[in-house]
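Q: Numbering (our numbering), first residue to last: 13 to 85.
Here a beta-carbon is modelled for each residue, glycine too, at the ideal position from N, C-alpha and C.
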Amino acid sequence: MARIRNVFEIIELYGHDENFEPHVSEEFTPTAAPAGSRQKIDVLAERIQRGMPLWHPEDTTDTADLIAAGNTA
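1) Are G63 and P42 closer than 9 Å when you measure CB to CB?
2) Can you tell me which of A47, T72, T73 and P65 puts its alpha carbon nearest to the alpha carbon of E39?
3) Start and end of the alpha helix (DSSP H) containing L25?
4) Using the beta-carbon count (16 or more within 10 Å), is V36 buried or exposed?
5) Looking only at C-alpha atoms, which of A57, E58 and A44 sits nearest to P69?
6) Using the C-alpha atoms, what's the distance from W67 back to A85?
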């Protein structure tokens, strides 16, 4: 049986994600992209596609840049 690469494939196979174990490798690195930014969303999408955990414990949680950008009335 082929290795399940991501959570979408296991849901397709079993109808749920209870059996999914994210894969952690050297490629699973933290990101400095601000929380909620397009860059962070892209990193999260790539992680999920590659079967990695969604959140890295060292990801930045800074939202200051987003708050400042949102106040440019």
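A: Let me lay it out:
1) Within the sequence shown, the letter at position 51 stands for residue 63. Within the sequence shown, the letter at position 30 stands for residue 42. The answer is no: Cβ separation not under 9 Å.
2) Counted from its first residue, the sequence shown places residue 39 at position 27. Out of A47, T72, T73 and P65, P65 has the C-alpha closest to the C-alpha of E39.
3) Here the question's residue 25 lines up with position 13 in the sequence shown. First-last of the alpha helix (DSSP H) with L25: V19 to Y26.
4) Taking the first residue of the sequence shown as 1, we reach residue 36 at position 24. Exposed, since its Cβ has fewer than 16 Cβ neighbours within 10 Å.
5) Position 57 of the sequence shown, counted from the start, is the residue given in the question as residue 69. Here the closest residue by C-alpha is A44.
6) Looking up residue 85 in the sequence shown gives position 73. Looking up residue 67 in the sequence shown gives position 55. Because the pLDDT at A85 is just 46, under 50, the model does not fix this residue reliably, and the point stays unresolved.
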